[in-house]
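Read the structure below first, then the notes.
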């Protein structure tokens, strides 16, 4: 397909907005559709762009790290063109020495080294960390403000000529392509049946500013932000509701207070979102069996991190260019053998 294709993008989260902007910049005529009242999981997030700790703390191999780092490396260009502000201060693993030793070993297994933070420096960067804990700083993991980033991407897309409609997409219609960038629109592509919901709850402490860097510990992360310190997050597989559930969030509260004792008794708000996930944790990105449809969904909790890479692959498919080295790993057809119509 040449430049000038007409494209409908369904979904105005991180993936949908990034795809719409990239497609418009490539010369396509783009309409982005999303109902006004649709909850955005991209907004209920801490905004971490964390390829290293995603692999080191949560499992993964060299191929996963390479893919995630490649996605993160696309962010500076996207930020420069869209006005999204990146926080590159880094992320610190904080915990007892025994746990940090495991983190160090995993980092070394990938050929990476963190920066050992003396306790005095940790206290300067992030006051209030529990006594006896140590820290290892990783500069490769960044963050952004999710709500501000959504607003910036939307403004950039509008400036690039993207048309916005507050409606739910039912079909491709007369458009050349339809990009299904939301796991909620399962009727748009059969491959979306492979997605499973994961409910996530995140706590925000409006009266707590947080420190200069994000923190990762056993059982929690603590991220400074405009709306106060964000503490996250629950991962409730199989749940598709966005109701606040203080019982399931209780272990998160305890983990946060173990990391930052000053949080005990502090007022907090809880937000809930639902993320779509595939069996292997990577999104579905590429042509669907449904003619004219491209899937871009299922990024689990890495929607922000993967957004520019997903947009690059989608745009390549629409414009007939090489989709790059990661297209095969993201291809929706990888689950075709076990798929149900």
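In our numbering, the protein residues as written are 5 to 345. Beta carbons: idealized from backbone N, C-alpha and C, even for Gly.
Distance from the CA atom of residue 336 to the CA atom of residue 134, rounded to whole angstroms, is 44 Å. Rounded to the nearest whole angstrom, the CA to CA distance from residue 163 to residue 120 is 44 Å. Here residue 91 has 146, 147 and 148 as same chain residues with Cβ atoms under 7 Å from its own Cβ, once five neighbours each way along the sequence are excluded. Residue burial annotation: residue 89 is exposed, with fewer than 16 other C-beta atoms found within 10 angstroms of its C-beta. Going by C-alpha positions, residue 124 is about 27 Å away from residue 58. For residue 255, the enclosing alpha helix (DSSP H) starts and ends at 250-263. For residue 181 against residue 298, the beta-carbon gap comes to about 6 Å, under 8 Å, which counts as contact. Our two residues, residue 321 and residue 93, have alpha carbons roughly 35 Å apart in a direct line. Relative to residue 324, the option among 241, 304 and 290 whose CA is nearest is 290. In this structure, the CA atom of residue 69 is about 6 Å from the CA atom of residue 55.
In this structure, residue 50 places its C-beta atom within 8 Å of the C-beta atom of residue 227.
The three-state reading of DSSP puts residue 19 in helix, counting H, G and I together.
DSSP, read as helix, strand or coil, puts residue 35 in strand.
With respect to residue 39, residue 171 sits close: the two C-beta atoms are nearer than 8 Å. With a beta-carbon spacing of about 7 Å, residue 97 and residue 118 fall inside the 8 Å limit used to define contacts. Taking each of 268, 52, 191 and 23 in turn and checking the Cα distance to residue 304, the smallest one comes out for 52. Secondary structure at residue 272: coil, using DSSP grouped into helix, strand and coil. Annotated three-state conformation of residue 122 is coil, per DSSP. Separation of the CB atoms of residue 208 and residue 233 is rounded to 7 Å, and the pair is thereby assigned contact status at 8 Å. The Cβ atoms of residue 35 and residue 167 sit closer than 8 Å to each other. Shown here, residue 91 sits in a strand according to DSSP, grouped into three states. If you ignore the 5 residues before and after residue 281, its C-beta comes within less than 7 Å of the C-beta of 199, 200, 202, 302 and 304, all in its own chain and listed in chain order. DSSP places residue 240 in the strand class (E or B) of the three-state scheme. Counting the other Cβ atoms within 10 Å of the Cβ of residue 306 gives 16 or more, which makes it buried.
Annotated as proximal: residue 183 and residue 14, with beta-carbon spacing under 8 Å. In this structure the region 67-86 does not lie against the region 234-248, because fewer than three pairs of beta carbons, one per stretch, are closer than 8 Å. Its chain contains 149 as the residues whose beta carbon lies nearer than 6 Å to that of residue 230, once the 5 sequence neighbours on both sides are disregarded; these appear in chain order.
Restricting attention to 140, 28 and 216, the CA atom closest to the CA of residue 108 is found in 140.
Per DSSP, the beta-bridge partners of residue 225 are 220 and 236. Beta bridge pairing from DSSP links residue 168 with 36. Within the model, the alpha-carbon separation for residue 213 versus residue 87 is close to 24 Å.
Going by C-alpha positions, residue 211 is about 17 Å away from residue 263.
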